[in-house]
Amino acid sequence: MTTPGSRETATAGTVTARIVHALHQQPEVSGADLARMLGMSRAAVWKHIEQLRALGYDIEARQARGYRLAAVPDRLLPGEIQRRLRATRFGAEIAYRAEIASTNEEAARLARADAPEGTLVLAESQTAGRGRLGRHWVSPPHANLYASFVLRPSIPPGDAPQISLAAAVAVARALVAVGAEDVAIKWPNDCLLGGRKVAGILTEMDAEVDRVRAVVLGIGVNLNMPIEAFPEELRDTATSLLHALGSRVDRVGFAARLCDELEEVYDRFLDQGFEAIAPEWEARSCLTGRAVTVECSGRRLRGIVRGLDPDGRLVLDGPQGEERIVAGDVSVVDGYAAARGTRTTDDGAR
Ligand code: BTN
953 MTTPGSRETA TAGTVTARIV HALHQQPEVS GADLARMLGM SRAAVWKHIE
1003 QLRALGYDIE ARQARGYRLA AVPDRLLPGE IQRRLRATRF GAEIAYRAEI
1053 ASTNEEAARL ARADAPEGTL VLAESQTAGR GRLGRHWVSP PHANLYASFV
1103 LRPSIPPGDA PQISLAAAVA VARALVAVGA EDVAIKWPND CLLGGRKVAG
1153 ILTEMDAEVD RVRAVVLGIG VNLNMPIEAF PEELRDTATS LLHALGSRVD
1203 RVGFAARLCD ELEEVYDRFL DQGFEAIAPE WEARSCLTGR AVTVECSGRR
1253 LRGIVRGLDP DGRLVLDGPQ GEERIVAGDV SVVDGYAAAR GTRTTDDGAR
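Structure follows, in structure tokens:
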């Protein structure tokens, strides 16, 4: 941790993460035991306890007995996430901000400063959350997940869009793990629940012609946001887990699970290529066999979706024959009922 309060950077092994872990493990821990464990003075331990309190932890100090963790705030605190991680790289370093313009912007800054692969930037709120195609991502405080990962894949720059596709599979798995059974993926990487967008992914890249320096994988998931908190124009196309499931989600548990799933999917992608992920992506796709229009590079294409090609491009049967699309905005032609039962018209749930 660098400074208390709104700004925290932690690795799984930092002092505060270790104190948090110890406080979770035992009903009470003495200052002397913590000092011994951490190799520091009791006064130094006390300073760290104060920093944790500034983050919202309710830590009681009892004369001659020690510290007791009375309550943990509903915040995406690195120590809380890291103690639940199975992943070893994704989330091993977490930069946590109470408010930030965009976690993608901050992750890009950290990437330029040599942050290692898997570094995660989390924010409670974003003032300029970015969506695909220059759109805005609604990012109110303490409700959702705004996460950006620094990646350093040794792949040709042209393959980077496949990372977003693979990431959608990991997001879908994390959603299923918290009880959202019927998650669909809409190409390229939106996750839908009941036909409405619950999560979006924005991947940005720093590359030379033939070498990727860094990829920033930005993920926004609407978790505990009431439907009334969405701008009115999004209420028919967007949703949150709270709205879809009727109960609040443990955001910390979700963040940890997402790190675990992303690391597994990403490693498989690097080892075996997108082909190894494609069947799971296809099984969740809500577009296959549907009539769509696609806006791409100033063109509007119409056709029936056939699926993905081995490189993750969308294959469309159009009036002029087969089209393979690398990037674009898909709208399902009017009259479409999504494979999972609910009507959707486009990906407007931002
Ligand atoms: C989309 O338009 O579907 C992509 C939305 C991506 C939003 C996330 S929130 C965390 C990260 N930071 C940003 O500014 N954008 C991404």
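Counting from 953, one number per residue, gives the positions in the sequence shown under our numbering.
Note that the Cβ used here is the ideal one computed from N, Cα and C, for glycine as well.
As the structure is a prediction and not an experimental result, all values here were calculated from the model.
1) On the three-state DSSP scale, how would you describe residue 1230?
2) Name the two residues that bound the continuous beta strand (DSSP E) containing residue 1019.
3) Going residue by residue through the region 1067 to 1105, where are the continuous beta strand (DSSP E) segments of at least 3 residues, counting only ones entirely within it?
4) Just list the residues that DSSP pairs residue 1268 with in beta bridges.
5) Which term fits residue 971, buried or exposed, when burial requires 16 or more other beta carbons within 10 angstroms of its beta carbon?
6) Does residue 1040 pass the burial test, meaning 16 or more other C-beta atoms within 10 Å, or should it be called exposed?
7) Cβ of residue 1142 within 7 angstroms of any heavy atom in the ligand BTN?
8) Could you tell me the boundaries of the beta strand (DSSP E) in which residue 914 lies?
9) Rounded to whole angstroms, what is the Cα-Cα separation between residue 1170 and residue 1047?
10) Between the C-alpha atoms of residue 1133 and residue 1127, what's the straight-line distance to the nearest angstrom?
11) According to DSSP, which residues form a beta bridge with residue 1107?
12) Just verifying my parser: in three-state terms, what is the DSSP assignment at residue 1203?
13) Can you tell me whether residue 1104 sits near the ligand BTN, meaning its C-beta is under 7 angstroms from at least one heavy atom of the ligand?
14) Could you pull the DSSP bridge partners for residue 1186 from this structure?
15) Rounded to whole angstroms, how far is the Cβ of residue 1101 from the Cβ of residue 1214, which I believe are closer than 8 angstroms?
16) Which residue from 1094, 1120 and 994 puts its Cα closest to that of residue 1218?
17) Would you mind working out which of 1024, 1006, 1059 and 1081 sits nearest residue 1152, comparing C-alpha positions?
18) Let's test the definition: count the other Cβ atoms within 10 Å of the Cβ of residue 968 and tell me whether it reaches 16, buried, or not, exposed.
19) Would residue 1285 be called buried (16 or more neighbouring beta carbons within 10 Å of its own) or exposed?
20) List the endpoints of the continuous alpha helix (DSSP H) containing residue 1001.
21) Kindly identify the DSSP beta-bridge partner or partners of residue 1053.
22) Is residue 1163 helix, strand or coil when you go by DSSP?
23) Buried or exposed, going by whether 16 or more other CB atoms sit within 10 Å of the CB of residue 1079?
24) Look at the alpha carbon of residue 1052 and the alpha carbon of residue 1089, and state the distance between them as a whole number of angstroms.
25) When every heavy atom of the ligand BTN is checked, does at least one fall within less than 7 angstroms of the C-beta of residue 1139?
26) Would you mind working out which of 1174, 1211 and 1182 sits nearest residue 1197, comparing C-alpha positions?
27) What residues match up with residue 1218 in a beta bridge as DSSP calls it?
28) Is there at least one non-hydrogen atom of the ligand BTN closer than 7 angstroms to the beta-carbon of residue 1192?
29) Using a 10 Å radius around the Cβ and a threshold of 16 neighbouring Cβ atoms, would you call residue 1270 buried or exposed?
30) Can you tell me which residues form a DSSP beta bridge with residue 1155?
31) Give me the Cβ distance between residue 1062 and residue 1071, rounded to the nearest whole Å; I'm assuming they're in contact under 8 angstroms.
32) In whole angstroms, what separates the C-alpha of residue 1283 from that of residue 1246?
33) Report the partner residues of residue 1135 according to the DSSP bridge assignment.
34) Grouping DSSP H, G and I as helix and E and B as strand, with all else coil, what is residue 1248?
35) Which residues are close to the ligand BTN, meaning CB closer than 6 angstroms to any heavy atom, in chain order?
In this structure, then:
1) helix
2) 1018 to 1023
3) 1072 to 1078 and 1097 to 1103
4) 1257 and 1275
5) buried
6) exposed
7) yes
8) This structure cannot settle anything about residue 914, because the visible part of the chain is limited to 953 through 1302.
9) 14 angstroms
10) 8 angstroms
11) In the DSSP output, where bridge partners are listed per residue, residue 1107 has none listed.
12) helix
13) no
14) Paired residues: none, contrary to the question.
15) 7 angstroms
16) 1120
17) 1081
18) buried
19) exposed
20) 994 to 1006
21) DSSP lists no partner for residue 1053.
22) coil
23) exposed
24) 13 angstroms
25) no
26) 1174
27) Per DSSP, none; premise fails for residue 1218.
28) no
29) exposed
30) 1169
31) 6 angstroms
32) 6 angstroms
33) 1145
34) strand
35) 1054, 1055, 1056, 1078, 1081, 1082, 1083, 1084, 1087, 1089, 1098, 1099, 1100, 1142, 1152, 1153, 1154, 1170, 1171, 1172 and 1302
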